[in-house]
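**Q**
Residue numbers (the working numbering): 185 to 510.
Have a look at this one:
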């Protein structure tokens, strides 16, 4: 039987292999014999094309951080395990948790439809009168993903719905609740729903209700809340420039955090620290306890491994050429 450390290294190897497949479209890394330490494993990742790697292993009795490569390649600044990172769609865990709290408090209803929450989209998004909040949370709405649509000349985004307008009038991918189909538009619309329900920004609610009680002072809602120099640089394969200053402020993909903060949030989400039993049941019914993230220059994984009782978070500041969120 493998000991705990070997299982951690194996876990990192699997995660790293997945990230490198995304970044390099296939290579032999991950198929080699396992090194003896987590640090050696992520060093191998850098040797195989990652610019920088941060890993956090959160176990009940300790949190360990590892880093390799560059925080900033141009200035030769080494990777910092405590650096802020664009966590992309890992943000959806936080939006789902926020929605869960509001449902438990009776402020939102899972069976209420999009048309009821946002009346003006009724004639613009197909089946808006049949798609419930629960379907949107679970990616079972059938709504087209805005990130799959090309930008148009003169496109302006003054608010969330002006961005959602990119998919207005287009056919649904499938009828509501017929199957699963990941769509960033779902969480864009949830952000709009929460803001309307609260009559103020969901950023404030998330910070006050979920982040502060957990002591997560290194987690931020949008890039504008942080100093850019504190954020790990991001690189696209085949493109020399740092893309750290590319902003993505939309719900479900905008958040910035340290690996340790993400690991603490995910463990609290899983072990009942964050939620009441009622809230835990609601969350379990609408969203998983793990996520990947992808933005230009940034790939990430946050996952719980019950066999070693460890939350493992991996950040890589390198992505492929695809420009979309995952």
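Virtual Cβ for every residue (Gly too), placed ideally from N, Cα, C.
For residue 459 and residue 449, what's the separation of their Cα atoms in angstroms?
**A** The residue labelled residue 459 in the question sits at position 275 within the chain shown. The residue labelled residue 449 in the question sits at position 265 within the chain shown. Going by the C-alpha atoms only, they are around 11 angstroms apart.
**Q** Leaving aside the five residues before and after residue 357 along the sequence, list all residues of the same chain whose C-beta is less than 7 angstroms from its C-beta, in chain order.
**A** Numbered from its first residue, the chain shown carries residue 357 at position 173. For residue 357, where only same-chain residues beyond five positions count, the Cβ hits under 7 angstroms are 326, 328, 365.
**Q** Hey, could you find the ends of the alpha helix (DSSP H) residue 367 is sitting in?
**A** Counted from its first residue, the chain shown places residue 367 at position 183. Element bounds for residue 367: n/a, residue is neither H nor E.
**Q** Would you please state the rounded distance, in angstroms, between the beta carbons of residue 511 and residue 283? I believe it to be under 8 angstroms.
**A** Residue coverage of the chain in this structure runs from 185 to 510, which leaves residue 511 outside it and unanswerable.
**Q** First and last residue of the beta strand (DSSP E) that includes residue 425?
**A** Here residue 425 is taken as the residue at index 241 of the chain shown, counted from 1. Run containing residue 425: none; DSSP gives neither H nor E here.
**Q** Let me know if residue 333 comes out buried or exposed under the rule of 16 or more other beta-carbons within 10 Å of its beta-carbon.
**A** In the chain shown, residue 333 corresponds to position 149, counting from 1. Residue 333 should be labelled exposed.
**Q** Hey, is residue 297 close to the ligand GDP, as in C-beta under 7 angstroms from one of its heavy atoms?
**A** This structure lacks the ligand GDP; in fact it carries no ligand of any kind.
**Q** Taking the C-alpha atoms as reference points, what is the distance between residue 240 and residue 443?
**A** For this step, residue 240 is matched to residue 56 along the chain shown. For this step, residue 443 is matched to residue 259 along the chain shown. Those two C-alpha atoms are separated by around 6 angstroms.
**Q** Taking the alpha-carbon positions, what's the residue 388 to residue 407 distance?
**A** Looking up residue 388 in the chain shown gives position 204. Looking up residue 407 in the chain shown gives position 223. Distance between the alpha carbons of residue 388 and residue 407 is about 15 angstroms.
**Q** For the beta strand (DSSP E) containing residue 494, list its first residue and its last residue.
**A** In the chain shown, residue 494 corresponds to position 310, counting from 1. Run containing residue 494: 494 to 500, per the beta strand (DSSP E) assignment.
**Q** For residue 323, count neighbouring C-beta atoms within 10 Å of its own C-beta (all shown protein chains included) and say buried if the count is 16 or more, exposed if not.
**A** The sequence position of residue 323 within the chain shown is 139, counting from 1. Label assigned to residue 323: buried.
**Q** What residues are listed by DSSP as bridge partners for residue 486?
**A** Numbered from 1 along the chain shown, position 302 holds the residue referred to as residue 486. According to DSSP, residue 486 bridges with 475, 497.
**Q** According to DSSP, residue 241 sits in a beta bridge with which residue or residues?
**A** In the chain shown, counting from the first residue as 1, residue 241 sits at position 57. In DSSP, residue 241 forms a bridge with 248, 496.
**Q** If I follow the unbroken alpha helix (DSSP H) through residue 391, where does it start and stop?
**A** The residue you call residue 391 lines up with position 207 of the chain shown. Residue 391 -> no alpha helix (DSSP H), and no H or E assigned at all.
**Q** If I measure Cβ to Cβ from residue 277 and keep anything under 6 angstroms in the same chain, skipping five residues before and after, which residues do I get?
**A** Here the question's residue 277 lines up with position 93 in the chain shown. Same-chain partners within the cutoff: 475.
**Q** Using the C-alpha atoms, what's the distance from residue 445 back to residue 402?
**A** Indexing the chain shown from 1 puts residue 402 at position 218. Indexing the chain shown from 1 puts residue 445 at position 261. Each residue's Cα considered, the two are about 6 angstroms apart.
**Q** Comparing C-alpha positions only, which one of 281, 252, 432 sits nearest to residue 347?
**A** Within the chain shown, the letter at position 163 stands for residue 347. Nearest of 281, 252, 432 to residue 347, Cα basis: 432.
**Q** Return the CA-CA distance between residue 205 and residue 420, expressed in angstroms with no decimal places.
**A** Here residue 205 refers to the residue found at position 21 of the chain shown. Here residue 420 refers to the residue found at position 236 of the chain shown. In this prediction, residue 205 has a pLDDT of 36, which is less than 50 and means its spatial position is unreliable; nothing more can be read from the coordinates.
**Q** What does the alpha-carbon distance come out to for the pair residue 308 and residue 350?
**A** Residue mapping note: residue 308 aligns to position 124 of the chain shown, counting from 1. Residue mapping note: residue 350 aligns to position 166 of the chain shown, counting from 1. Straight-line Cα distance between these residues: approximately 10 angstroms.
**Q** Counting beta carbon pairs with one atom in the segment 468 to 482 and one in the segment 410 to 429, are three or more of them shorter than 8 angstroms?
**A** The answer is yes - the segment 468 to 482 touches the segment 410 to 429, with three or more Cβ pairs under 8 angstroms.
**Q** What does the Cβ neighbour count give for residue 297, buried or exposed, with the cut at 16 atoms within 10 Å?
**A** To locate residue 297, count along the chain shown from 1; it is residue 113. When all chains shown are included, residue 297 counts as buried.
**Q** Pick out whichever of 453, 495, 378, 501 has its Cα sitting closest to the Cα of residue 287.
**A** Position 103 of the chain shown, counted from the first residue, corresponds to residue 287. Minimum Cα distance to residue 287 is reached at 378.
**Q** Spatial neighbours of residue 290 within its chain, please: C-beta separation below 7 angstroms, excluding the five flanking residues on both sides.
**A** By 1-based counting over the chain shown, the position of residue 290 is 106. Same-chain partners within the cutoff: there are none.
**Q** So, are the CB atoms of residue 345 and residue 317 less than 8 angstroms apart?
**A** Locating residue 345 in the chain shown gives position 161, counting from the first residue. Locating residue 317 in the chain shown gives position 133, counting from the first residue. No, the pair does not count as a contact, with Cβ atoms beyond the cut-off.
**Q** Excluding the 5 residues flanking residue 227 on each side, which residues of the same chain have their C-beta closer than 6 angstroms to its C-beta?
**A** Here residue 227 is taken as the residue at index 43 of the chain shown, counted from 1. Within the same chain, residue 227 has close Cβ partners 252.
**Q** List the endpoints of the continuous alpha helix (DSSP H) containing residue 411.
**A** Locating residue 411 in the chain shown gives position 227, counting from the first residue. Residue 411 -> no alpha helix (DSSP H), and no H or E assigned at all.
**Q** For residue 414 and residue 447, I'd like the C-alpha separation in whole angstroms.
**A** Here the question's residue 414 lines up with position 230 in the chain shown. Here the question's residue 447 lines up with position 263 in the chain shown. Rounded to whole angstroms, residue 414 to residue 447 spans 19 angstroms at the Cα level.
**Q** DSSP three-state label for residue 278, please.
**A** Counting from 1 along the chain shown, the entry for residue 278 is found at position 94. Helix.
**Q** Under three-state DSSP, which class holds residue 287?
**A** Numbered from its first residue, the chain shown carries residue 287 at position 103. Residue 287: helix per DSSP, three-state reduction.
**Q** At which residues does the alpha helix (DSSP H) containing residue 451 begin and terminate?
**A** By 1-based counting over the chain shown, the position of residue 451 is 267. Residues 443 to 455.
**Q** In angstroms with no decimal places, state the Cα-to-Cα distance between residue 272 and residue 260.
**A** On the chain shown, position 88 is the one that residue 272 refers to. On the chain shown, position 76 is the one that residue 260 refers to. Residue 272 and residue 260: Cα-Cα distance of roughly 25 angstroms.
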